[in-house]
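With numbering that gives the first Met the number 0, the residue at position 71 of the sequence shown is 70, and numbering never jumps.
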Amino acid sequence: MDTRSLHERLAGKLNIPSLPEVIVRLNELIDRGDVRMSEIGGQIALDPPLAAKALRIANSAYFGLRVPVESIEHAASVLGMRSLKSMVMQALVLDLFRNLEDIPDFDPRDVWKRSVVASRVAMDLPRRSLGGASYEDLQLCGLLHDIGEFVLVDHFGSRFSKLRKKVEATGEDVVAAEEAVLGISHVAVGALVAKRWSLPESAARAAEFHHDLDGVAAQDPLVAHVAYCDAIVHAARRDLAIEDHERWIPAGPRELLGYKEAELEPCLRRARMLWGKSA
Ligand SMILES: [Fe+2]
Numbered sequence: 000m001d002t003r004s005l006h007e008r009l010a011g012k013l014n015i016p017s018l019p020e021v022i023v024r025l026n027e028l029i030d031r032g033d034v035r036m037s038e039i040g041g042q043i044a045l046d047p048p049l050a051a052k053a054l055r056i057a058n059s060a061y062f063g064l065r066v067p068v069e070s071i072e073h074a075a076s077v078l079g080m081r082s083l084k085s086m087v088m089q090a091l092v093l094d095l096f097r098n099l100e101d102i103p104d105f106d107p108r109d110v111w112k113r114s115v116v117a118s119r120v121a122m123d124l125p126r127r128s129l130g131g132a133s134y135e136d137l138q139l140c141g142l143l144h145d146i147g148e149f150v151l152v153d154h155f156g157s158r159f160s161k162l163r164k165k166v167e168a169t170g171e172d173v174v175a176a177e178e179a180v181l182g183i184s185h186v187a188v189g190a191l192v193a194k195r196w197s198l199p200e201s202a203a204r205a206a207e208f209h210h211d212l213d214g215v216a217a218q219d220p221l222v223a224h225v226a227y228c229d230a231i232v233h234a235a236r237r238d239l240a241i242e243d244h245e246r247w248i249p250a251g252p253r254e255l256l257g258y259k260e261a262e263l264e265p266c267l268r269r270a271r272m273l274w275g276k277s278a
């Protein structure tokens, strides 16, 4: 059986949650382009717990607003429609996977925090061409590129969390290790989630290829940016020095984008601050 059919057979056993109707309609509204703030606000208000969480995120350090926002309409006008989409997706994902709190050695907030910080760091990088995608697309890619991890831990429980702990300690290739032990990797599952949720093509590409560091991530500027942001978050967690960035940023994305130390320094500072470390 080839890898793709093996993945499809395994995928049939995985629990990939459906997107709530309110999100599907919200995405349609935002993609239409000519939508009014009041329509967006009205749509999110149909789900009060989601609206409350989204507002909490809008007022968190993630967006760093000077003046607090008090309504979804206000958040949309200050942050823009596409950032609003990221904000609502942040509110949604932990909700969808909240049952994961009971799995030993696994903190879903930690996985999510990595993704949230990666997506925020992306907004601090100096603007370069993303090959047709926008920085708001990149923000969503940063947020959802590791979404497959939630599905895998939901299915494999502590088998997944133990494997990830081992991979983190040994530094072995995470995708190869997941394929070898579980039969499927978080990137393959991420691609399936992207399809199921009808995510933008850019988010599907980032989910599938962000570990393909010598392949797609060395040629595609959007995926290379996601790999950069991942590396910056890793450096923030591990207290790696900016002066050593050529060692901790993978060669493929680094050679494609070539950000300088001075350009990366504010991003690493932001990542450290959001991770809860002093600047
Ligand atoms: Fe990943």
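Note that the Cβ used here is the ideal one computed from N, Cα and C, for glycine as well.
These figures come from a predicted structure and were not determined experimentally.
Do you know how far the Cα of residue j is from the Cα of residue i?
i, j, result
"PRO125", "ARG8", "42 Å"
"LYS164", "TRP111", "16 Å"
"ALA179", "CYS266", "34 Å"
"ILE29", "GLY40", "11 Å"
"GLN138", "SER85", "7 Å"
"ALA279", "ILE248", "Outside the displayed range of the chain (0 to 278) lies residue 279, so it cannot be described from this structure."
"ALA50", "VAL87", "8 Å"
"ASP123", "TYR61", "12 Å"
"LEU181", "LEU5", "11 Å"
"LEU212", "ARG246", "14 Å"
"LYS161", "ARG269", "29 Å"
"LEU64", "THR2", "46 Å"
Just to check my reading of the structure: residue i and residue j have Cβ atoms closer than 8 Å, yes? What is that Cβ distance to the nearest angstrom?
i, j, result
"PRO103", "SER157", "5 Å"
"LEU273", "ARG119", "6 Å"
"GLY189", "GLY251", "So it is not a contact: roughly 19 Å between Cβ atoms."
"GLU260", "ILE241", "6 Å"
"LEU25", "GLN89", "Their Cβ separation, rounded to whole angstroms, is 13 Å, which puts LEU25 and GLN89 out of contact at 8 Å."
"HIS210", "VAL192", "No, HIS210 and VAL192 are not in contact; Cβ-Cβ is about 16 Å, not under 8 Å."
"ALA235", "ARG271", "5 Å"
So, at 8 Å on beta carbons, what are the nonlocal neighbours of residue i in its own chain, with the 5 sequence-adjacent residues on each side left out?
i, result
"GLY79", "GLU135"
"GLU254", "ALA217"
If I measure Cβ to Cβ from residue i and keep anything under 6 Å in the same chain, skipping five residues before and after, which residues do I get?
i, result
"ALA205", "CYS140, HIS144, VAL222, VAL225"
"VAL34", "LEU28"
Can the beta-carbon of residue i be found less than 8 Å from the beta-carbon of residue j?
i, j, result
"GLN42", "VAL68", "no"
"GLY130", "ASP238", "no"
"PRO199", "PHE149", "no"
"ALA132", "SER201", "yes"
"ASN14", "HIS244", "no"
"LEU357", "ARG127", "Nothing can be reported for residue 357, as the shown portion of the chain is limited to 0 through 278."
"ALA75", "LEU54", "no"
"VAL173", "PHE105", "no"
Near residue i, which residues of its chain fall below 7 Å by C-beta distance, leaving aside the five closest residues on each side in sequence?
i, result
"GLU207", "VAL186, GLY189, ALA190"
"GLU38", "LEU28"
TODO: Go through the stretch 176-223 residue by residue and report every complete run of the alpha helix (DSSP H) that reaches 4 residues or more, in order.
DONE: 185-195, 200-208
Task: Start-end ranges of the alpha helix (DSSP H) lying completely within the stretch 15-41, minimum 4 residues - done: 20-31
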